[in-house]
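Quick note, the sequence shown lines up with residues 1 to 468 if you use the working numbering.
Beneath this line is the structure, given in structure tokens, with notes to follow.
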Amino acid sequence: MIDVRQIRDNPDALRRAIRRRRVDPAKADVDRFLALDDQRRTLQQEIDGLNTTKKELAQLGRTDPEAARARGQELREQGRDLETRFNEVSAEWQAILDWFPNWPHADMPDGVGEDDNPEECVWIPGQGYLPADRLGKGEGSKGIMPKMPLHAEGEFAPVEHADLAVTLGVDTVQAAKISGSRFTYIKGDIARMQYAIQRLLCDELLGRGYDMIVPPLLVRERTLYGTSHFPEGRDQVYAIEAQNVEDGAQLFLVGSSEPTNFSYFMDRTLNEADLPVKIFAYTTCFRSEAGSWGRDVRGIKRVHQFDKIEMNAVCAPDQSNDIYEEFGQINEWLLQQLQLPYRMVAKCAGDAGYLATHRQRDGEVWMPGTGEFMEVMTDTNTTDYQARRMNIRYRPRDGGGLQFCHTANDTGCAMGRMLIAILENYQQADGSVKVPEVLQAVVGKERLIPDLAAAEGAGKADRKGRKS
Numbered sequence: 001m002i003d004v005r006q007i008r009d010n011p012d013a014l015r016r017a018i019r020r021r022r023v024d025p026a027k028a029d030v031d032r033f034l035a036l037d038d039q040r041r042t043l044q045q046e047i048d049g050l051n052t053t054k055k056e057l058a059q060l061g062r063t064d065p066e067a068a069r070a071r072g073q074e075l076r077e078q079g080r081d082l083e084t085r086f087n088e089v090s091a092e093w094q095a096i097l098d099w100f101p102n103w104p105h106a107d108m109p110d111g112v113g114e115d116d117n118p119e120e121c122v123w124i125p126g127q128g129y130l131p132a133d134r135l136g137k138g139e140g141s142k143g144i145m146p147k148m149p150l151h152a153e154g155e156f157a158p159v160e161h162a163d164l165a166v167t168l169g170v171d172t173v174q175a176a177k178i179s180g181s182r183f184t185y186i187k188g189d190i191a192r193m194q195y196a197i198q199r200l201l202c203d204e205l206l207g208r209g210y211d212m213i214v215p216p217l218l219v220r221e222r223t224l225y226g227t228s229h230f231p232e233g234r235d236q237v238y239a240i241e242a243q244n245v246e247d248g249a250q251l252f253l254v255g256s257s258e259p260t261n262f263s264y265f266m267d268r269t270l271n272e273a274d275l276p277v278k279i280f281a282y283t284t285c286f287r288s289e290a291g292s293w294g295r296d297v298r299g300i301k302r303v304h305q306f307d308k309i310e311m312n313a314v315c316a317p318d319q320s321n322d323i324y325e326e327f328g329q330i331n332e333w334l335l336q337q338l339q340l341p342y343r344m345v346a347k348c349a350g351d352a353g354y355l356a357t358h359r360q361r362d363g364e365v366w367m368p369g370t371g372e373f374m375e376v377m378t379d380t381n382t383t384d385y386q387a388r389r390m391n392i393r394y395r396p397r398d399g400g401g402l403q404f405c406h407t408a409n410d411t412g413c414a415m416g417r418m419l420i421a422i423l424e425n426y427q428q429a430d431g432s433v434k435v436p437e438v439l440q441a442v443v444g445k446e447r448l449i450p451d452l453a454a455a456e457g458a459g460k461a462d463r464k465g466r467k468s
């Protein structure tokens, strides 16, 4: 959440931020919040005054016990009434505060959607970075991106990943029988390729001094509230029935290890000398994808369960922007290691992610099979927004008062999507897929060979399932 003092001092700036971020003004109602804030402060003053009177009543008790008892009863009734009114006002006050977005970075572009996201850079294997005067917004450099897979031998019409994946060990048909639609099995050589990508990035992060963490995947509500995935993104989260959970607690499956990674520092005070703390996790993640039915449902682009490497940092305020840039450099390092054509785009105010976002960029790989860019990673600076909700503080070197930390996070690699990017850019005319050179030692081969019989069987099962 943002500092309440800043809201009182800059209500017009907050109104502009709400409009730019396209937050529902009925939920993020600044005028109502300020009115409640005045009521809340007045009630708090009355409660404090009442408590002072109660202390003074002790003196009256020594001289006139009967009068003291009568007055005490009167004050207790007044106190209960004030506490009830204070709690009611505070509940509405907090509900509105929870919908206020983080203050946008000065360089966050204006815009309402992905068509307004400017390209920060575009990189093509063998060519390097495009000149700045060839960058644009939205589809931007789409018109000059390669029509053929860059690593293909010969000319042919490239196909979408879903048609390739089914021949190479990705089985969504059997998974649908087990778990329902939008789940998948990944097996054999393509599973080895996912493991190779994992090792490549994990080894790089370990070499850079990041600590690896294995976090819980089931969390309580405060964790998701703390990172601002609640209340805004609640419809994307799977809730676990409480009846079989220890103590009957409500638990949720995480859509990223970000909430649990940052929750490790919840209610803690760190020393400034120990900042920044940089960690990463490789975990399975879960997302309901509510509202996305009919979009990108073929293959493994938009599924309910997926694996991801997440990078996170808890830091001092003067470090968060540098870490944001460092995350972006790591994103580019991985994409260049895999020799994939990509671009980095700055998310505009209307397209930026959750409410905690101060500044955000996406890494997007060019997909010749579909003729579009696809997001594979996201880098976000959330300043002190999450730390305020999770009560993560640090003790300054100079001995001053405790301060809230800053947090920054990055989807270092969405595994399924990175596999898609490789399939589309390394596909061959015969349906095989070259393995990126940097992954070959772990995969154990230079090329993935399609199993056409398996693909045909999967197609028949798919058609049969649709008829039934």
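Ideal Cβ positions, reconstructed from N, Cα and C, are used throughout, including at glycine.
Closest Cα partner of W103 within the set M1, E46, K54 and R397: As a working note, residue 103 is residue 103 in the sequence shown. Per the Cα distances, M1.
Skipping 5 residues on each side, what residues in its chain have a beta carbon closer than 8 Å to that of L452? For this step, residue 452 is matched to residue 452 along the sequence shown. Close CB contacts of L452 within its chain, under the 8 Å cut and outside five residues either way in sequence, are with T167 and G431 (chain order).
Give the range of the beta strand (DSSP E) segment to which V237 is assigned. In the sequence shown, the residue the question calls residue 237 occupies position 237. From DSSP, V237 is part of no beta strand (DSSP E); its letter is neither H nor E.
Is A345 near N117, with beta carbons less than 8 Å apart? Walking along the sequence shown from the start, residue 345 turns up at place 345. Walking along the sequence shown from the start, residue 117 turns up at place 117. Going by the sequence as given, residue 345 is Val instead of Ala. In this structure, N117 lies closer than 8 Å to V345 by Cβ.
For A162 and R298, which I take to be in contact (beta-carbon distance under 8 Å), what is that distance rounded to the nearest angstrom? As a working mapping, residue 162 is identified with position 162 in the sequence shown. As a working mapping, residue 298 is identified with position 298 in the sequence shown. Yes, A162 and R298 are in contact; Cβ-Cβ is about 4 Å, under 8 Å.
Let me check one thing: in DSSP terms, what residues is H406 bridge-paired to? Residue 406 sits at position 406 when you count from the first residue of the sequence shown. Partner(s): C315.
Looking at C-beta atoms only, is the number of pairs between the region 202 to 211 and the region 328 to 336 that lie closer than 8 Å three or more? yes
Hey, Y185 and Q194 are a contact pair by Cβ (cut 8 Å); roughly how many whole angstroms apart? Taking the sequence shown and counting its residues from 1, one reaches residue 185 at position 185. Taking the sequence shown and counting its residues from 1, one reaches residue 194 at position 194. Going by Cβ atoms, the distance from Y185 to Q194 rounds to 12 Å, so no, they are not a contact pair.
In or out: D379 buried (at least 16 other Cβ within 10 Å) or exposed? Residue 379 sits at position 379 when you count from the first residue of the sequence shown. With 16 or more Cβ atoms within 10 Å of its Cβ, D379 is classed as buried.
Less than 8 Å between the C-beta atoms of F86 and R40, yes or no? As a working note, residue 86 is residue 86 in the sequence shown. As a working note, residue 40 is residue 40 in the sequence shown. Contact annotation: F86 and R40 have beta-carbon atoms nearer than 8 Å.
In the structure shown, what three-state DSSP assignment does T357 receive? Locating residue 357 in the sequence shown gives position 357, where the first residue counts as 1. In this structure, T357 counts as coil in the three-state DSSP scheme.
When the Cβ atoms of the region 214 to 233 are set against those of the region 251 to 271, are three or more pairs found closer than 8 Å? yes
Does the distance from the C-beta atom of E232 to that of Y385 stay below 8 Å? To locate residue 232, count along the sequence shown from 1; it is residue 232. To locate residue 385, count along the sequence shown from 1; it is residue 385. The answer is no: Cβ separation not under 8 Å.
If I'm right that R69 touches D37 with Cβ under 8 Å, what's the distance once you round it to whole angstroms? As a position in the sequence shown, residue 69 is number 69, starting the count at 1. As a position in the sequence shown, residue 37 is number 37, starting the count at 1. R69 to D37, Cβ: 37 Å. No contact.
Whole-angstrom distance between A352 and R466, CA atom to CA atom: For this step, residue 466 is matched to residue 466 along the sequence shown. For this step, residue 352 is matched to residue 352 along the sequence shown. With a pLDDT of 46 at R466, under the threshold of 50, the modelled position of this residue cannot be trusted, and the question is left open.
Counting along the chain, where does the beta strand (DSSP E) carrying M344 start and finish? To locate residue 344, count along the sequence shown from 1; it is residue 344. Element bounds for M344: Y342 to A346.
Simplified DSSP assignment, three categories, for F286: Taking the first residue of the sequence shown as position 1, residue 286 is located at position 286. Of the three classes helix, strand and coil, the one that applies to F286 here is strand, per DSSP.
Tell whether a beta-carbon distance below 8 Å holds between S228 and A356. In the sequence shown, residue 228 corresponds to position 228, counting from 1. In the sequence shown, residue 356 corresponds to position 356, counting from 1. Yes.
With DSSP as the reference, label Y129 as helix, strand or coil. Looking up residue 129 in the sequence shown gives position 129. Strand.
Express the C-alpha separation of N391 and G401 in angstroms, rounding to a whole number. For this step, residue 401 is matched to residue 401 along the sequence shown. For this step, residue 391 is matched to residue 391 along the sequence shown. Distance between the alpha carbons of G401 and N391 is about 14 Å.
Boundaries of the alpha helix (DSSP H) in which M390 is found, first to last residue: The residue given as residue 390 occupies position 390 in the sequence shown. It spans Y385 to M390 - the alpha helix (DSSP H) in which M390 sits, taken as one unbroken run.
DSSP state of R466 mapped onto helix, strand, coil: One-based indexing of the sequence shown puts residue 466 at position 466. The predicted model places R466 with a pLDDT of 46, which falls under 50 and marks its position as unreliable; any figure quoted below should be read in that light. DSSP places R466 in helix when its eight states are reduced to three.
Excluding five sequence neighbours on each side, which residues of the same chain lie with their C-beta closer than 7 Å to the C-beta of W93? For the purposes of this step, residue 93 is identified with residue 93 of the sequence shown, where counting begins at 1. Taken in chain order, the residues that qualify are F33, L36, D37 and R40.
Applying the criterion that 16 or more other CB atoms from any shown protein chain within 10 Å of the CB defines a buried residue, is Y129 buried or exposed? As a working mapping, residue 129 is identified with position 129 in the sequence shown. Exposed, since its Cβ has fewer than 16 Cβ neighbours within 10 Å.
Considering just the uninterrupted stretch of the beta strand (DSSP E) at L253, what are its terminal residues? Working through the sequence shown from its first residue, we reach residue 253 at position 253. Where L253 is concerned, the enclosing beta strand (DSSP E) stretches over L251 to L253.
Whose C-beta lies closer than 7 Å to the C-beta of L201 among residues of the same chain, with five residues either side of it excluded? As a first step, residue 201 is located in the sequence shown; it is residue number 201 there, counting from the start. Correct list, in chain order: I309, L334, G412 and C413.
Counting only the same chain and skipping the five closest in sequence on each side, list residues whose C-beta sits under 6 Å from that of V443. One-based indexing of the sequence shown puts residue 443 at position 443. R192, M193, A196 and V435.
Less than 8 Å between the beta carbons of V219 and F252, yes or no? As a position in the sequence shown, residue 219 is number 219, starting the count at 1. As a position in the sequence shown, residue 252 is number 252, starting the count at 1. Yes, the pair counts as a contact, with Cβ atoms nearer than the cut-off.
Selected residue, minimal CA-CA separation from E155, among C315, Q427 and P25: The count along the sequence shown starts at 1 and reaches residue 155 at position 155. Answer by Cα proximity: Q427.
Anyone know if the C-beta pair for A165 and A313 falls short of 8 Å? Your numbering for residue 165 matches position 165 in the sequence shown. Your numbering for residue 313 matches position 313 in the sequence shown. Not in contact: A165 and A313 (Cβ atoms no closer than 8 Å).
So I300 and V170 are supposed to be a Cβ contact under 8 Å. How far apart are they, rounded? What you label residue 300 is simply residue 300 of the sequence shown in a count that begins at 1. What you label residue 170 is simply residue 170 of the sequence shown in a count that begins at 1. Confirmed, Cβ separation roughly 6 Å.
Which residues does DSSP list as the beta-bridge partners of E364? As a first step, residue 364 must be located in the sequence shown, where it is residue number 364. For E364, which the question treats as bridged, DSSP gives the partners R343 and E375.
For Q250 and E241, the rounded distance between their alpha carbons: Position 241 of the sequence shown, counted from the start, is the residue given in the question as residue 241. Position 250 of the sequence shown, counted from the start, is the residue given in the question as residue 250. E241 and Q250: Cα-Cα distance of roughly 7 Å.
Can you give the beta carbon distance from C315 to L275, rounded, assuming they're within the 8 Å contact cut? Position 315 of the sequence shown, counted from the first residue, corresponds to residue 315. Position 275 of the sequence shown, counted from the first residue, corresponds to residue 275. Going by Cβ atoms, the distance from C315 to L275 rounds to 5 Å, so yes, they are a contact pair.
Using DSSP bridges, identify the partner residues of P478. Not covered by the structure: residue 478. The range shown for the chain is 1 to 468.
Can you give me the C-alpha to C-alpha distance between E139 and D318, rounded to a whole angstrom? The residue given as residue 139 occupies position 139 in the sequence shown. The residue given as residue 318 occupies position 318 in the sequence shown. Each residue's alpha carbon lies about 34 Å from the other.
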